[in-house]
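Novice:
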């Protein structure tokens with residue numbers, strides 16, 4: 013949720029600089045205020061709570077690993093559901109609070125909190141269950157699942173279960189006043205710039221017009237090309253949603269998720285509306301595994317919803333100018349998402365949209381690049 | 013202005029990790045939007061413009077070093093004022109914009125832009141003038157003056173001049189509604205916390221009350237102990253202001269500025285008012301040097317001012333609860349500021365205030381620690 017992605021995280025050989033990674037990413041998770049925000053997300057809490065307590069068969073007498081335990085909540089529930097032993101790994105000093113929370117709830121004989129990164133920590137044994145709340149905006153922002161994969165490959169027994177077991181990414185076309193708002197903000201910034209150019213020339217004798225193009229590019233990127241967080245209303249979805257990625261948490265590799273590519277179609281379902289951009293969200297499922305399924309399958313979805321919004325919201329990719337479409341218009345969409353070179357926890361997204369109107373008219377391809385910061 | 017101070021910048025031997033320093037500090041300066049904010053500060057621009065063009069004796073035919081050139085403005089003015097050669101050093105990719113700005117203003121034969129840190133860069137010669145806009149909030153936040161000292165010790169001729177030549181830090185007692193606002197915010201956060209504790213116990217069976225103390229400390233630090241940016245109105249100053257530090261830019265060492273300590277008194281000048289905290293600001297002067305003085309001494313002040321506010325504002329250190337004082341009440345104040353261990357660009361401030369009321373009553377010492385983040 014909190015990483016701002018300013019510094020270059022990776023070196024030329026690809027290795028991640030841990031100090032920079034901490035400065036950019038991990039640090040916000042060390043704040044109780046941030047943990048509380050996530051603990052107050054009822055949809056998130058209910059899903060994990062139910063996935064554990066309605067599937068005690070997976071926990072009773074078992075060993076569990078909680079990857080990125082934060083305050084320790086999932087580890088504590090796992091212990092309360094009957095686990096024999098729980099290893100709760102946390103990279104930040106939040107681990108100290110997790111440790112005192114475990115003790116205050118009398119679970120110190122079951123839950124062992126370990127401070128360190130999942131890549132470095134050493135457990136005394138392999139585990140029956142790996143549980144983790146690793147999902148970032150649009151699922152993969154923060155690239156925390158890499159750490160879950162690492163944990164799985166090192167510490168999950170061959171018969172072990174992943175919580176959640178599956179994840180999916182969704183994309184749908186939307187309408188939104190944000191596209192006008194951001195365009196106005198951009199225009200305002202450029203008007204202001206031209207006034208600034210005049211002032212600087214007249215008052216200070218320096219011609220800064222050469223910087224207009226890079227300034228406009230910087231503002232364009234900031235206002236128009238950076239994905240936005242929003243909790244959309246379902247009536248903002250104007251066409252069919254499509255799955256752009258499916259992940260089996262038991263078998264996925266880092267390579268499987270490094271690049272997400274998909275081509276899909278979406279039919280506009282709303283009469284006479286404006287196609288203002290695309291929304292991305294995710295869902296995860298707790299199904300256990302084929303050989304050892306969950307007694308009660310649980311789903312956690314972050315799709316637009318009137319009452320059950322989550323702290324993840326959806327990621328909004330605005331397309332300006334919006335295009336007037338009608339019920340039955342067809343969108344052929346190519347979607348591609350890769351990690352930013354400067355910071356593997358942030359993403360670059362490319363959309364290519366071909367609109368076929370109900371009249372038969374086919375509009376030229378709209379291609380746009382976005383940044384998930 | 014922009015550094016957020018999240019990651020640990022220094023290692024155990026004191027060396028600064030450059031990647032972390034970039035992620036925490038330098039990165040915001042690479043944005044044109046941020047440069048423009050500073051270029052739009054008329055008070056700042058006028059002071060530097062006047063200091064150069066009203067003191068052409070220091071620039072005509074001379075060599076100049078601009079430390080942290082940003083967009084290149086000071087380097088450009090120095091060249092326009094007649095400098096023979098200007099070296100403009102900039103640590104971020106903003107140097108590329110500075111280079112194109114120099115060229116667009118036909119000064120490429122005079123101004124050479126060098127990308128790199130002042131600590132690493134190598135100049136072909138020593139210089140007559142070092143000019144730099146290095147001041148952070150309350151003067152020393154960002155600790156950029158360290159780089160100016162480094163530049164001076166390596167590259168300034170024995171007869172050379174510093175622009176600015178002198179700097180001072182000021183503190184005064186203030187009144188401000190912010191103290192009530194922040195206290196309300198803190199109380200709101202704690203009320204919310206207690207509701208959260210109940211919900212978590214009732215809905216999810218986990219007792220998080222053990223975290224109340226660390227959560228309260230975290231909120232207290234955030235709302236009540238972190239200095240605020242504000243552009244105060246002069247009528248918010250309720251007593252005499254005092255100089256807590258004076259710096260001669262020609263001779264100051266890093267050790268001189270690592271710790272700022274001062275004891276001073278302030279007499280309340282306003283009738284029946286509330287002492288709500290202290291404000292800190294700075295001024296700098298362009299006086300040249302004794303052997304080679306400025307023809308026109310220029311001052312740049314960030315003191316509270318109705319019309320001439322700057323982007324630096326003042327730093328506000330709130331004291332809750334506020335104390336009722338009257339005209340003639342006396343404050344004996346001990347002030348101490350040191351660098352944060354985790355990040356040398358951020359500060360820790362300690363205040364010790366003894367109030368003597370006009371009635372003769374002397375209140376117990378008010379001691380408080382603050383963080384300049």
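Chains as they are written, first to last, in my numbering: chain A, 13 to 385; chain B, 13 to 385. Where a beta carbon is used, it is the ideal one built from N, C-alpha and C, also for glycine. Keep in mind it's a predicted model, so treat the numbers as computed, not measured.
1. Per DSSP, residue 330 of chain A is paired with what?
2. Under 9 angstroms between C-beta atoms, does residue 109 of chain A make it to chain B?
3. Measuring alpha carbon to alpha carbon, tell me which residue in A:306, A:326 and A:31 is nearest residue 173 of chain A.
4. Could you check the C-alpha separation between residue 74 of chain A and residue 169 of chain A for me, to the nearest Å?
5. Given this structure, state the Cα-to-Cα distance separating residue 313 of chain B from residue 295 of chain B, to the nearest angstrom.
6. From this set, B:69, B:384, B:41 and B:127, which residue's C-alpha is nearest residue 238 of chain B's C-alpha?
7. For the alpha helix (DSSP H) that contains residue 146 of chain A, what are its first and last residues?
8. Interface residues of chain A around residue 88 of chain B at Cβ under 7 angstroms?
9. In the DSSP assignment, the beta strand (DSSP E) including residue 75 of chain A goes from what residue to what residue?
10. Could you pull the DSSP bridge partners for residue 254 of chain A from this structure?
11. Can you pull out the residues from the region 48 to 63 of chain A whose beta carbon lies closer than 9 angstroms to at least one beta carbon of chain B?
12. Residue 338 of chain B and residue 284 of chain B look like a contact to me (Cβ under 8 angstroms); what is the Cβ gap, rounded to whole Å?
13. Can you list, in chain order, the stretches of the alpha helix (DSSP H) that have 4 or more residues and sit fully within the region 45 to 96 of chain A?
14. Where does residue 172 of chain A sit, in a helix, a strand or coil, going by DSSP?
15. What residue range does the alpha helix (DSSP H) around residue 106 of chain B cover?
16. Pop quiz: residue 100 of chain B and residue 123 of chain B are said to be a contact at Cβ under 8 angstroms. What is the actual Cβ separation, rounded to whole angstroms?
17. Skipping 5 residues on each side, what residues in its chain have a beta carbon closer than 7 angstroms to that of residue 19 of chain A?
18. Among B:102, B:118 and B:71, whose alpha-carbon lies nearest the alpha-carbon of residue 96 of chain B?
19. With a CB to CB cut of under 7 angstroms and the five nearest residues on each side skipped, what residues in its chain are close to residue 121 of chain B?
20. Taking the DSSP output, what are the residues bridged to residue 100 of chain B?
21. Classify residue 272 of chain A: buried if its beta carbon has 16 or more other beta carbons within 10 angstroms, exposed otherwise.
22. Which bits of chain A does residue 212 of chain B rub up against, with CB to CB less than 8 angstroms?
23. Taking a contact to mean a Cβ-Cβ separation below 9 angstroms, would you say residue 359 of chain A touches residue 368 of chain A in this structure?
24. How about residue 226 of chain B: is its C-beta nearer than 9 angstroms to some C-beta of chain A?
25. Give the interface partners of residue 232 of chain A over in chain B, defined as CB-CB distance under 7 angstroms, in chain order.
26. Specify the secondary structure class of residue 314 of chain A as computed by DSSP and reduced to three states.
27. Which residue from A:380, A:301, A:115 and A:331 puts its Cα closest to that of residue 69 of chain A?
28. Within a Cβ cutoff of 8 angstroms, which residues of the same chain sit near residue 382 of chain B, ignoring the five residues on either side of it in sequence?
29. Pick helix, strand or coil for residue 324 of chain A, following the three-state DSSP scheme.
30. Whose C-alpha, out of A:164, A:228 and A:166, is nearest the C-alpha of residue 44 of chain B?
31. Does the region 123 to 132 of chain B come close enough to the region 182 to 189 of chain B to have 3 or more Cβ pairs within less than 8 angstroms?
32. Can you tell me the Cβ-Cβ gap for residue 104 of chain A and residue 303 of chain A, rounded? I've got them flagged as a contact below 8 angstroms.
33. If you compare alpha carbons, which of B:373, B:86, B:143 and B:77 is closest to residue 217 of chain A?
34. Mind checking which residues open and close the beta strand (DSSP E) that includes residue 243 of chain A?
35. Once you ignore the five residues that flank residue 281 of chain B on each side, which residues in its own chain have a CB closer than 7 angstroms to its CB?
36. Cβ atoms of residue 277 of chain A and residue 348 of chain A: under 9 angstroms apart, would you say?
Specialist: Taking the coordinates as given:
1. A:289
2. yes
3. A:306
4. 11 angstroms
5. 4 angstroms
6. B:384
7. Taken as a continuous stretch (DSSP letters only), residue 146 of chain A belongs to no alpha helix (DSSP H), as it is neither H nor E.
8. 218
9. 75 to 79
10. A:183
11. 48, 51, 52, 54, 57, 58 and 61
12. 6 angstroms
13. 54 to 65 and 85 to 92
14. strand
15. 106 to 116
16. 6 angstroms
17. Caution applies to residue 19 of chain A, whose pLDDT of 46 falls short of 50 and renders its modelled position unreliable; the value that the coordinates give is listed next. The answer, listed in chain order, is 32, 35 and 36.
18. B:71
19. none
20. B:78 and B:125
21. buried
22. 51
23. no
24. yes
25. Simply none; closest approach about 12 angstroms.
26. coil
27. A:301
28. 237, 238, 239, 329, 360, 361, 362 and 363
29. coil
30. A:228
31. no
32. Actually they are not in contact, since the Cβ atoms of residue 104 of chain A and residue 303 of chain A sit about 35 angstroms apart, beyond 8 angstroms.
33. B:86
34. Unbroken run through residue 243 of chain A: none, as it is neither H nor E.
35. 250, 251, 252 and 339
36. no
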